[in-house]
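Chains as they are written, first to last, in the numbering used here: chain A, 6 to 337; chain B, 6 to 337; chain C, 97 to 505; chain D, 97 to 505.
This report refers to the structure that appears directly beneath it.
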Amino acid sequence: MIEALRSAMDVKLADDPSVIVFGEDVGYFGGVFRCTAGLQASHGEERVFDTPINESAIVGMAVGMAAQGMRPCVEIQFADYVFPAYDQITQEAARLRHRSNGQFTCPLVVRMPTGGGIFGGQTHSQSPEALFTHVAGLKVVIPSTPHDAKGLLIAAIEDPDPVIFLEPKRIYNGPFRGDHSGKSTPWSAHPAGEVPEGHYVIPLGQAEVRRGGADVTVLAYGTMVHVAEAAVAEAGVDAEIIDLRSLLPLDLDTIRTSVQKTGRCVVVHEATRTGGFGGELIAEVQEACFWHLRAPLIRVAGWDAPYPHAQEWDYFPSPARIARALCKVMED
Amino acid sequence: MIEALRSAMDVKLADDPSVIVFGEDVGYFGGVFRCTAGLQASHGEERVFDTPINESAIVGMAVGMAAQGMRPCVEIQFADYVFPAYDQITQEAARLRHRSNGQFTCPLVVRMPTGGGIFGGQTHSQSPEALFTHVAGLKVVIPSTPHDAKGLLIAAIEDPDPVIFLEPKRIYNGPFRGDHSGKSTPWSAHPAGEVPEGHYVIPLGQAEVRRGGADVTVLAYGTMVHVAEAAVAEAGVDAEIIDLRSLLPLDLDTIRTSVQKTGRCVVVHEATRTGGFGGELIAEVQEACFWHLRAPLIRVAGWDAPYPHAQEWDYFPSPARIARALCKVMED
Amino acid sequence: MTAKLAFPHPPARPDQPPDFSNIVVPPAGSLPVPPLDLEARDARALAVGLVRVLDDAGRAVGPWADGIADLTGDDLRLGLRDMLRMRAVDRRMLNAQRQGKTSFYLQCTGEEAIGCGFQRQLEQGDMNFPTYRQQTLLIAADYPLEALMGQLYSNEMDPLQGRQLPIMHSARDYGFFSISGNLGTQYVQAVGWAMACALRGNGKIAAGWIGDGATASGDFHSALLSASVYLPPVVLNVVNNQWAISTYTGVAVGKSETYAARALGYGIPALRVDGNDYLAVVAVSRWAVARARLGHGPVLIEWFTYRAAAHSTSDDPTAYRPKDEALAWPLGDPVQRLKAHLIARGEWSEARHVQAEAEILDEVIAVQKTVEAHGTFVDPKPISPAEIFRGVYADLPPHLRRQRQEMGY
Amino acid sequence: MTAKLAFPHPPARPDQPPDFSNIVVPPAGSLPVPPLDLEARDARALAVGLVRVLDDAGRAVGPWADGIADLTGDDLRLGLRDMLRMRAVDRRMLNAQRQGKTSFYLQCTGEEAIGCGFQRQLEQGDMNFPTYRQQTLLIAADYPLEALMGQLYSNEMDPLQGRQLPIMHSARDYGFFSISGNLGTQYVQAVGWAMACALRGNGKIAAGWIGDGATASGDFHSALLSASVYLPPVVLNVVNNQWAISTYTGVAVGKSETYAARALGYGIPALRVDGNDYLAVVAVSRWAVARARLGHGPVLIEWFTYRAAAHSTSDDPTAYRPKDEALAWPLGDPVQRLKAHLIARGEWSEARHVQAEAEILDEVIAVQKTVEAHGTFVDPKPISPAEIFRGVYADLPPHLRRQRQEMGY
Ligand SMILES: Cc1ncc(C[n+]2csc(CCOP(=O)(O)OP(=O)(O)O)c2C)c(N)n1
Ligand SMILES: Cc1ncc(C[n+]2csc(CCOP(=O)(O)OP(=O)(O)O)c2C)c(N)n1
Ligand SMILES: [Mg+2]
Ligand SMILES: [Mg+2]
């Protein structure tokens, strides 16, 4: 997925002089996850550069640039470190178009590695998507494969509005199905690991059915798409797995169609349960599909506690936990 | 409600030397909403003082003090300005007890005026509760009457953990039932406007049934409790109105009992709908009451747009909108 | 001896006489004009001193005066008119708020010279990132009063269609960035904008604006730091009007000698300037704008002034400072000082001044009447509720379409 | 000429020879010891200079040396042992990480003098707010190695019961605040803690710690500003080790002359100190701690040093700096320099040094064995999963009780 993201930025840096890339360690070194490796060398320091460790400055500078018509694509080193920039993102970037009645706009992408599964402890594991989906004016995107990652990132950079682009770091190097040994296969062995060269776009706001099924709908995104696949195999139920890809705007049509068919739904995310995006999904789904439902909608999510270090696998939603939830809704 | 809040701080400043109060303009002047008026004069400048305009510093200093065993009760001038402190609140205060395994704790209260209805535009009207209810380690409280405000604030100051204390500014001076002339009656004319002197506590985590009813449950908090009362009168349905008072922890027992009885539920809040606390409530309620439900759970909330200035009454959830929702769930 | 906390206090509170004895007012003309490529280490005298051009007799003196010797009587009369127009607009709008015609207002009384003098040194395409107290920038950019008042009344002439608080203007074509209510945030955005100017090589510059109180915000630091690292063409203005609502400037300046001196710590050269001296404002602004435009990097200017009016229509300053403190302000009133200078130059008279004031008032009232004819804030629903949904995104996503339908539009 | 952005660059990249010719190393002993009530305006020479005590011959010279003339051979040998112990622990733990016994590690090689020398000047009850690279403070506070390693192995000896990353210690009784992974946040918390000390009059002080890179964070400013306003008893330490992961210190310092000089802008006196000179560290720390404790307010110290090792076990510095840059560092190695001084004083010898190293290594290995017997990180589920829920709040709220039950506990 790293190469896919890099390729997306490379394509946009080459085809649009207003695109620029910056963040902590992204310049000469190419980012602690290497997503921008080589981009400074090929596009020059004026297009790809290092910043001081001040996330508010990173986004604040980007807002000023975007308002003038540039298209900054900035990196926050870990999603856990986005909070100093939370004011700039939610109060400034998100509202600039609206509050200026279109005089100024903010075509800005904030990339950040998100989620757990890497023994990163509480400051390298958080999943803050719900803190952005509540903010009108933002778009929130999270890919689950290299193929999507590239197409979605190009779409995000080309989008006229600010996009929060969450990168599930656990699957940077390969799909992770929740194996507690921590092992994962490389992307090269996965069909969606293949990434076309050059320019292509996956439109924001469209979910993807990863697995068709008749009995229960699983809503997931990022790493959890793969963990859900393992869980479905483990539970042996005929589940339909929907990879949301874009949380805001949300592809409610695809979700509705599925749940009206299956009558059951399990929502999975890594973020803490209370106030997570799962609540929003359930509220929408029950409203849209109430008369089709055969069982309560349930969530499998991170526990409402700081993300622990040593107890990682007790915290991270496992295939077993998801499988239990699948069996539970099938009982009703 | 202002006097009630002031009285709560006054009581605690007097009975506990570790309590201290600070924030922008709260010292000599007594706060732009006058909540701390007179407190510096009676308790001294070391206990009640002005700070620079840096919300991160306000909360950061408070975290350092609280860790040593003091009990800071700080004011953020408007909830819209809490975001510079979002990192200190969510990444520091919320997790200090857990991450230090109890070596350090963070008994800290962050008070802030919240919500709309005062023609404050997008930077004096927001309702950010859902951005805190997603954060493990925080408590989130919002009173709807002076009586509750004092008891809850004393409980918050005495709580061993960090509490976000949201003050619905629209009802600082009297209950507001959504009248578009902007008029409200004074608290003196309301039964819960009476505030006992001295020390009393309303425990955090307990909801209050404001109106008993058989047909539908309305979940509301803050200003919306009063608007919901007006709506119920307007709709002429026998609704049970629950004032949540504490969003985190949530009194699910009271809610469950009610919805299992009524089979219907409308959730009301001022915050933008998508990703708001309403989603969480609906997810919990449908899970807990699924087999009792007779209609989809629905939300009446702020639109997913920046809070407008001139179109305030088109944005603010009105009694008419809530009444429509009540009628709609009654149809099913 | 053990440690005790310090709490900064203003020199006087309501029950006391005004006291500005702590403020040192150096003679006009005593500071030099530094080279455009001034370095921070050579700027100390300028940062802790006070650049002044007009002396007590209303004469323009010293090297900074020499730098603007080309200004004609017309130029200066234009400046005076800008300030008078500003003051007239402020007074009328304050009254309009008192009459309920707008929800909120906020004056810049006493600070008129700063924005008026600065703006006239900018070019088309330069961009200010103002606070809510820089309506002077709009006035001196000849922003149509119709648009300004339209916004105050949230009627159909409002360029922002009711979205924003009355005073939170946005006027891209007039070099005026959309104001945010959140303090500090825009200071670093100004740096970003200036970086974009340099990256595109378009020859334009940005100007950041911040109040003394808001220099405490984290993004004041973000701005100074990024300006110090990338050296973009930005002029960073601090308007030190001694107060932040009820809070004395000492609570924001702490032990720093001046706000200008704080910038020196970032290696950014800085000057402290008499903000009530229109000529000093013009001279220093011209220097700073030229410096930025020529690529010598950022500079910070602390404009030393006094907030003569209340913070806003929600504020009553007699609760926290002496009633007549403004009168005691040692740097006087900017309008009176420029007027005195023009008269001393033989370019103006008391009579012409009275006449100009009357003309300007007439003009402002005329516009006001026209704009009010389109409705004021007291009218219910002046603008379509559907405006709420327009422009949240470039295109309306499905969930907003559903919500707009639910609303009935 | 139009504006162009500047991008700070390190003097050398991997394909180039190390180059520290830009670093001015003044002779040891050349700067004075200021009075404890030093004001920022008088601190410039100290803030842009470099306080050094040990000269090239290993002699302690100058006025700062006089201030610690009471230090005995035993005191200095203790300092040397602290540093040697630190280095041994770092090496063993790095190896343990390589063997998969812990998930992550991070050394402080080259920076040992700073925390070791500073900590020995504190009293019981004083509180450090450290970053992840100040394990020296624990070592010099005689924090049991069992606890330190227990946390690294996340086994039952871990005082934090697996909650935190290996290196994010918390040791209240040893004056070591719980480390946060978020940079900068704790600097202002240190100021708050110090304010609490002053408000309670307990005679204790706080010490904030931050890396050069993290001085860019907003809360560096929050801290300096609040310290400048309330003047609490706090020592603000900046460890300038020239790098922030791959980012050259120039990207954080910008046009500021030094990090110490930045503090002067806040009216906070500051000193820049040779952080590889144990005697300079002890002398300046003692002075600063005394200053704070006696109520003279905040002070900032920039410790000038070099991060000799990788940023962490996740980092490979050969990708961004010359491989042998550490060897070229002009201020040498702190262990070697103190050793040379002790030998020059006749208090130490090569043989005793070798012996001490061996003893310390034995001790560290012995503890390591004991701790490893309780399990290392490779053991699955070393600690009860129910620990996840304990301490989120003082009491377990209903929703967490439900979740714990769902988990099966
Ligand atoms: C982040 C933030 N915190 C608090 C406020 C509330 N507030 C509005 S104006 C003001 C005072 C600002 O003072 P100053 O910067 O000196 O500007 P002045 O009003 O004097 O022009 C405050 C505290 C705000 N708008 N934003
Ligand atoms: C707010 C925040 N942003 C980014 C990071 C990621 N990060 C961890 S260490 C580091 C470099 C810090 O460098 P410096 O402050 O110089 O300390 P050093 O590692 O050199 O001791 C970065 C960017 C973080 N931990 N917190
Ligand atoms: Mg001010
Ligand atoms: Mg460093």
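Heads up, the beta-carbon is just placed ideally off N, CA and C, and yes, glycines get one too.
- Setting aside the 5 residues that flank it on each side, D:R358 is surrounded in the same chain by S352, each with a C-beta closer than 6 Å to its C-beta; the list follows chain order.
- At the C-beta level, C:V463 and C:M245 come within 9 Å of one another.
- For ligand 2, a non-hydrogen atom lies closer than 8 Å to the CB of D:A310.
- For A:I176, not one C-beta of chain D is nearer than 9 Å to its own C-beta.
- Not one heavy atom of ligand 3 lies closer than 8 Å to the C-beta of C:Q231.
- The DSSP-derived three-state label of C:W399 is strand.
- A:L252 sits in a strand when the DSSP states are folded into three classes.
- Excluding five sequence positions before and after C:G428, the CB atoms of its chain that fall closer than 7 Å to its own CB belong to N372, given in chain order.
- Using a CB distance cut-off of 9 Å, B:V272 does not count as an interface residue toward chain D.
- Annotation: the continuous beta strand (DSSP E) that includes A:T119 extends over 114-119.
- Secondary structure at D:V385: helix, using DSSP grouped into helix, strand and coil.
- Spatial neighbours of D:A161 in its own chain (CB-CB distance under 6 Å, excluding positions within 5 residues in sequence) are listed in chain order as V149.
- Between the segment 141-152 of chain B and the segment 213-232 of chain B there are three or more C-beta pairs closer than 8 Å, enough to call the two in contact.
- Within 7 Å of the CB of B:I159, no CB atom of chain C is found; the nearest one sits about 26 Å away.
- The DSSP-derived three-state label of D:L150 is strand.
- Shortest Cα-Cα distance from B:D220 to any of B:V64, B:A67, B:E336, B:A98 involves B:E336.
- For C:M182, the uninterrupted alpha helix (DSSP H) run begins and ends at 169-194, by DSSP.
- Close to D:P493, with beta-carbon spacing below 7 Å, are these residues of chain B in chain order: G210, P254.
- The segment 51-59 of chain A makes contact with the segment 308-324 of chain C: 3 or more CB pairs, one atom from each, lie closer than 8 Å.
- With contacts defined as CB atoms closer than 9 Å, D:L248 and D:Y283 fail to qualify as a contacting pair.
- Listed by position along chain D, the residues whose Cβ is nearer than 9 Å to that of A:V87 form an empty set, because the closest Cβ is around 10 Å away.
- Interface residue (Cβ-Cβ distance to chain A less than 9 Å): D:Q112 is not classified as such.
- With a cutoff of 9 Å on beta-carbon distance, D:T198 and D:A405 are scored as not near each other.
- According to DSSP, residue pairing for A:R76 in a beta bridge involves A:V24.
- A direct Cα-to-Cα measurement between A:I247 and A:R104 gives close to 35 Å.
- Counting the other Cβ atoms within 10 Å of the Cβ of D:N118 gives fewer than 16, which makes it exposed.
- Under the three-state reduction of DSSP output, B:L44 falls in the helix class.
- Taking a cut-off of 8 Å on C-beta distances, the segment 308-324 of chain B does not touch the segment 387-403 of chain C, as fewer than three cross pairs fall below it.
- Judged by their CB atoms, A:A98 and A:G35 are not nearer to each other than the 9 Å cut-off.
- Against chain B, the CB of A:H204 has no partner CB under 9 Å away; the residue lies outside that interface.
- The C-beta of C:G487 comes closer than 9 Å to at least one C-beta of chain A.
- Put simply, of D:N278, D:I306, D:E242, D:D254 the residue whose alpha carbon is nearest the alpha carbon of D:P226 is D:I306.
- Close to B:M14, with beta-carbon spacing below 8 Å, lies no residue of chain D; the smallest spacing is near 17 Å.
- Remark: fewer than three beta-carbon pairs, one from each stretch, lie closer than 8 Å, so the segment 7-18 of chain B and the segment 161-178 of chain A are not flagged as touching.
- In the structure shown, the three-state DSSP call for A:E292 is helix.
- Fully contained in the segment 304-332 of chain D are the following alpha helix (DSSP H) runs of length 4 or more, in chain order: 314-326.
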